[in-house]
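Single-structure report; data block below.
Residue numbers (the numbering used here): 1168 to 1284.
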């Protein structure tokens, strides 16, 4: 079964074009190294929660949008290899002060696929 990295990040709406440009570049690099799928999705029908929600999870501020992303790999070994290559790739090095999102409020994790229909 596949292995999936999932990400949730708040992005300022006035930096969304910059974020999507970076995401397109990142997607090409991840796929170049062997990722099967790379998806970036924008919050559209995301209700506010009382106890938890996407907005609460990233401490969403006015003027921001939640982005939910995932990358699919053939398996965890492929993910570990690809992730190491991507993190070492100089094409993705950037000024952390000029990122089009707040990385401190981003969260992510790796998941083993359990059901696919």
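Glycine is no exception: its CB is placed at the ideal position from the N, C-alpha and C atoms.
Which of the three DSSP states, helix, strand or coil, is assigned to residue i?
i: residue 1216; result: coil
i: residue 1209; result: strand
Going by DSSP, what residue range makes up the alpha helix (DSSP H) through residue i?
i: residue 1186; result: 1183-1199
i: residue 1223; result: 1221-1224
Taking the DSSP output, what are the residues bridged to residue i?
i: residue 1232; result: 1178
i: residue 1279; result: 1170
Could you tell me the boundaries of the beta strand (DSSP E) in which residue i lies?
i: residue 1248; result: First-last for residue 1248: 1243-1255, but that is the alpha helix (DSSP H), not the beta strand (DSSP E).
Alpha carbon to alpha carbon, what distance is there between residue j and residue i?
i: residue 1253; j: residue 1184; result: 22 Å
i: residue 1179; j: residue 1206; result: 19 Å
i: residue 1201; j: residue 1279; result: 17 Å
i: residue 1248; j: residue 1274; result: 21 Å
i: residue 1175; j: residue 1236; result: 6 Å
i: residue 1269; j: residue 1281; result: 31 Å
i: residue 1172; j: residue 1277; result: 4 Å
i: residue 1168; j: residue 1262; result: 36 Å
Beta-carbon separation of residue i and residue j under 8 Å?
i: residue 1213; j: residue 1222; result: yes
i: residue 1242; j: residue 1186; result: no
i: residue 1267; j: residue 1231; result: no
i: residue 1259; j: residue 1195; result: no
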